[in-house]
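Comments concern the structure below.
2 protein chains.
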Amino acid sequence: MNFLEKLEAAIVRSHSLLCVGLDPDPALMPWGKSIADFNRAIVEATADLVCAYKPNIAFYEAQGTDGLKALEETRKFIPDGIPVILDAKRGDIGNTARAYAQSLFDYFGADAVTVNPYLGYDALEPFFERRDRGVFVLCRTSNRGAADFQSLIVADGGKRLFEVVAARVAEWNRHGNLGLVMGATYPEELKMIRQKYPEIPLLIPGVGAQGGELELVVKYGMDMAKRRTIINSSRQVLYASSGDDFALAARRAAGELRDKINRILSGMEGDSF
Amino acid sequence: MNFLEKLEAAIVRSHSLLCVGLDPDPALMPWGKSIADFNRAIVEATADLVCAYKPNIAFYEAQGTDGLKALEETRKFIPDGIPVILDAKRGDIGNTARAYAQSLFDYFGADAVTVNPYLGYDALEPFFERRDRGVFVLCRTSNRGAADFQSLIVADGGKRLFEVVAARVAEWNRHGNLGLVMGATYPEELKMIRQKYPEIPLLIPGVGAQGGELELVVKYGMDMAKRRTIINSSRQVLYASSGDDFALAARRAAGELRDKINRILSGMEGDSF
Numbered sequence: 012m013n014f015l016e017k018l019e020a021a022i023v024r025s026h027s028l029l030c031v032g033l034d035p036d037p038a039l040m041p042w043g044k045s046i047a048d049f050n051r052a053i054v055e056a057t058a059d060l061v062c063a064y065k066p067n068i069a070f071y072e073a074q075g076t077d078g079l080k081a082l083e084e085t086r087k088f089i090p091d092g093i094p095v096i097l098d099a100k101r102g103d104i105g106n107t108a109r110a111y112a113q114s115l116f117d118y119f120g121a122d123a124v125t126v127n128p129y130l131g132y133d134a135l136e137p138f139f140e141r142r143d144r145g146v147f148v149l150c151r152t153s154n155r156g157a158a159d160f161q162s163l164i165v166a167d168g169g170k171r172l173f174e175v176v177a178a179r180v181a182e183w184n185r186h187g188n189l190g191l192v193m194g195a196t197y198p199e200e201l202k203m204i205r206q207k208y209p210e211i212p213l214l215i216p217g218v219g220a221q222g223g224e225l226e227l228v229v230k231y232g233m234d235m236a237k238r239r240t241i242i243n244s245s246r247q248v249l250y251a252s253s254g255d256d257f258a259l260a261a262r263r264a265a266g267e268l269r270d271k272i273n274r275i276l277s278g279m280e281g282d283s284f
Numbered sequence: 012m013n014f015l016e017k018l019e020a021a022i023v024r025s026h027s028l029l030c031v032g033l034d035p036d037p038a039l040m041p042w043g044k045s046i047a048d049f050n051r052a053i054v055e056a057t058a059d060l061v062c063a064y065k066p067n068i069a070f071y072e073a074q075g076t077d078g079l080k081a082l083e084e085t086r087k088f089i090p091d092g093i094p095v096i097l098d099a100k101r102g103d104i105g106n107t108a109r110a111y112a113q114s115l116f117d118y119f120g121a122d123a124v125t126v127n128p129y130l131g132y133d134a135l136e137p138f139f140e141r142r143d144r145g146v147f148v149l150c151r152t153s154n155r156g157a158a159d160f161q162s163l164i165v166a167d168g169g170k171r172l173f174e175v176v177a178a179r180v181a182e183w184n185r186h187g188n189l190g191l192v193m194g195a196t197y198p199e200e201l202k203m204i205r206q207k208y209p210e211i212p213l214l215i216p217g218v219g220a221q222g223g224e225l226e227l228v229v230k231y232g233m234d235m236a237k238r239r240t241i242i243n244s245s246r247q248v249l250y251a252s253s254g255d256d257f258a259l260a261a262r263r264a265a266g267e268l269r270d271k272i273n274r275i276l277s278g279m280e281g282d283s284f
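These protein sequence lines map, in sequence, to chains L and W. Under the working numbering, the letters of the first sequence match residues 12 to 284, in that order. Under the working numbering, the letters of the second sequence match residues 12 to 284, in that order.
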């Protein structure tokens, strides 16, 4: 089963487009919990409500090798049927990109990863060629500074840089395993990309803590089959409570988000899943 | 002592602009050597010939937590006076970038890092604000695919994307701790950037195995004071021999490179260091 098949099965089973970002931050986590214990509690509390988990490797690297051991452990207790998107935003030249692909896919067991397009095709190819895995290329990110370079208008054709990136990714997608990262905080850009590429998988971070408005995100980001759009929330779920009830509060926050997404979907044309 | 002061002192002491990339690849290393033992032998054999070491973290991550432990160990046996540039090419949104900065600077003890500009200013700011550390922003990379996006011509002003990146980095350099990564394989681009920014530190990978021509790189890449241009070689030094004499062969290769750079310099106008 390749990444997209696994994702689609998880969406149908959980009745959910919600992905929970596993970004353990010691400053926000309940006092005294280890990263692995925190993640385990979050996963146990939310596994039936999500279509994927997305650990951002930065939060593990910040704790050094102990943090990365916690990531390995986390990978093991995420149920088999739920795909893991390892948010690493890597990008390096050919032989180095190959080392990163080996680390993320083989060592850490990611079903899919995020990558940065700045270095061009040959930096991405070692990821793309792994047909059973998914690769989400950064297109329009959710942060304030995203416009600094991503929105520069390119002379030939008058497209913005992120649109050129999307067009190239669509060309490069000959194994059908590529997708795009589109920040929830820029709904107009999201709408345009979804209209142009109705079938490409989109990973949409930035709802909740980052302020992306859920209704627009669902309406604009949804694909035809409703099975290739992943809406990620991290802090809103993980840190719904900083007390002993954090897992229960995370479950409540994840359930509310899932249901809210589904209510918006059911108000739209076409069948729900 | 901040990064640039440390770098300049190391350049003067070693009489060298050569940086050796510590990219341990089990397929190329002498059989049976651990990464830490391999690095230790390379560092002992070359420490008086280099102005910096540049481990690319991908090669350590490829071996999982054991690899990262070897990176920690390597950091410890690199002599204090030689700056370590951790080649990580990171780029992520604000709170995540902060986690990466913590990992690279504080946990792994990097004097300088490489970062990717695609996400814009706020993704870079957590690195920039560390005034005692250096930050090299990817500008024109050394790989074939570099042109895919980096050479797109931007409508407003007719500059190419990498030129816009260089201009923004020069604007953002208010603490004086920023530099650019310029691949040795594109000498015309290197010449243009160096002419426009005569004082900005440049990290130049891609000589040797990647085919960048040393003479042009030195002539075009050199700054006025000759103390802000770092020429990196990885494979040509590390894998000069795959036999028991690998450390001796690495020393010979590093010495030849250093001397060749210095001969080219001495044929140019102005004083040598």
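From the three backbone atoms N, C-alpha and C, an ideal C-beta is built for every residue, glycine too.
Cross-strand partners of residue i (DSSP beta bridge)
i, result
"threonine 240(L)", "Leu213(L)"
"methionine 193(L)", "Arg151(L)"
"alanine 63(W)", "Cys30(W)"
"glycine 145(L)", "Ala123(L)"
"valine 165(W)", "Val165(L)"
"arginine 171(W)", "Ile164(W)"
Whether residue i touches residue j by CB criterion (8 Å)
i, j, result
"valine 229(W)", "leucine 276(W)", "yes"
"serine 210(L)", "aspartate 234(L)", "Note on residue identity: the sequence assigns glutamate, not serine, to residue 210(L). Closer than 8 Å, so yes."
"tyrosine 129(W)", "proline 128(L)", "yes"
"valine 95(W)", "tyrosine 64(W)", "yes"
"valine 148(W)", "leucine 135(W)", "yes"
"aspartate 265(W)", "threonine 85(W)", "The sequence given here places alanine at residue 265(W); aspartate does not occur at that position. Contact: no."
"isoleucine 68(W)", "aspartate 98(W)", "yes"
"phenylalanine 138(W)", "valine 126(W)", "yes"
"glycine 145(W)", "alanine 123(W)", "yes"
"leucine 214(L)", "isoleucine 241(L)", "yes"
"alanine 177(L)", "cysteine 150(L)", "yes"
"glycine 156(L)", "methionine 193(L)", "no"
"tyrosine 208(L)", "alanine 166(L)", "no"
"alanine 112(W)", "arginine 142(W)", "no"
"phenylalanine 49(L)", "proline 66(L)", "no"
"alanine 291(L)", "isoleucine 89(L)", "Not covered by the structure: residue 291(L). The range shown for chain L is 12 to 284."
"arginine 239(W)", "proline 212(W)", "yes"
"phenylalanine 173(W)", "leucine 172(L)", "no"
"glycine 251(L)", "alanine 236(L)", "Per the sequence shown, residue 251(L) should be read as alanine rather than glycine. Not closer than 8 Å, so no."
"leucine 79(W)", "leucine 259(L)", "no"
Spatially closest choice to residue i from the options, by CA coordinates
i, options, result
"phenylalanine 14(W)", "Lys44(W), His26(W), Lys237(W), Cys62(W)", "Cys62(W)"
"alanine 81(L)", "Arg144(L), Tyr71(L), Asp103(L)", "Tyr71(L)"
"arginine 274(W)", "Glu19(W), Ala21(W), His26(W), Lys17(W)", "His26(W)"
"glycine 254(L)", "Ile22(L), Leu28(L), Gly32(L), Ala38(L)", "Ala38(L)"
"methionine 40(W)", "Glu267(W), Val248(W), Gly278(W)", "Val248(W)"
"valine 110(W)", "Ile89(L), Gln74(L), Arg141(L), Ala181(L)", "Inspection of the sequence shows that residue 110(W) is occupied by alanine rather than by valine. The shortest C-alpha separation from alanine 110(W) is found at Gln74(L)."
"serine 244(L)", "Ile46(L), Ile53(L), Ala20(L), Gly43(L)", "Ile53(L)"
"aspartate 77(L)", "Tyr208(L), Ala121(L), Ser45(L)", "Ser45(L)"
"threonine 196(W)", "Val176(W), Ala158(W), Asp167(W)", "Ala158(W)"
"glutamate 83(W)", "Trp42(W), Asp59(W), Leu33(W), Leu60(W)", "Leu33(W)"
"leucine 60(L)", "Arg269(L), Met279(L), Gly278(L)", "Arg269(L)"
"isoleucine 204(W)", "Ser252(W), Phe160(W), Thr152(W), His186(W)", "Thr152(W)"
"arginine 263(L)", "Arg24(L), Leu227(L), Val31(L)", "Val31(L)"
"glycine 219(W)", "Gly168(W), Lys271(W), Gly169(W)", "Lys271(W)"
"isoleucine 104(L)", "Asn106(W), Gly105(W), Lys100(W), Ile104(W)", "Lys100(W)"
"asparagine 154(W)", "Glu16(L), Thr107(L), Gln206(L), Leu79(L)", "Thr107(L)"
"aspartate 256(W)", "Arg185(W), Leu28(W), Leu29(W), Trp42(W)", "Trp42(W)"
"leucine 227(W)", "Asn184(W), Glu267(W), Gly278(W)", "Gly278(W)"
"glutamate 267(W)", "Lys17(W), Arg24(W), Leu29(W)", "Leu29(W)"
"arginine 51(L)", "Val23(L), Lys87(L), Leu18(L)", "Lys87(L)"
Residue-level contact to chain B via CB, residue i, 8 Å cutoff
i, result
"lysine 44(W)", "Among the protein chains of the structure shown, namely L and W, there is no chain B."
Inset, instruction - Return the chain-ordered ranges of every alpha helix (DSSP H) run that is complete within the stretch 94-119 of chain L and spans a minimum of 4 residues. - result: 105-112
Inset, instruction - Anything in the stretch 58-80 of chain W with a Cβ closer than 7 Å to a Cβ of chain L? List those residues in chain order, please. - result: Asn67, Ala69, Phe70, Glu72, Ala73, Gly75, Thr76, Leu79, Lys80
Inset, instruction - Check each residue of the stretch 146-170 of chain L: if its Cβ is closer than 8 Å to any Cβ of chain W, include it; give the result in chain order. - result: The stretch 146-170 of chain L vs chain W, Cβ under 8 Å: Leu149, Thr152, Ser153, Asn154, Arg155, Gly156, Ala157, Ala158, Asp159, Phe160, Gln161, Leu163, Ile164, Val165, Ala166, Asp167, Gly169.
Legend entry - Residues from the stretch 122-147 of chain W in contact with chain L, defined by Cβ distance under 7 Å: Asn127, Pro128, Tyr129, Leu130, Gly131, Tyr132, Asp133, Ala134
Inset, instruction - Using a Cβ-Cβ cut-off of less than 9 Å, give me the residues of the stretch 235-252 of chain L that come near chain W, in sequence order. - result: Answer in chain order: Arg246.
Legend entry - Residues within the stretch 168-200 of chain W neighbouring chain L, beta-carbon criterion of under 8 Å: Residues of the stretch 168-200 of chain W that bring their beta carbon within less than 8 Å of a beta carbon in chain L comprise Gly169, Leu172, Val175, Val176, Arg179, in sequence order.
Inset, instruction - Can you give me, in chain order, the residues of the stretch 101-123 of chain L that have a beta carbon less than 7 Å from any beta carbon in chain W? - result: Gly102, Asp103, Ile104, Gly105, Thr107, Ala110, Tyr111, Gln113, Ser114, Tyr118
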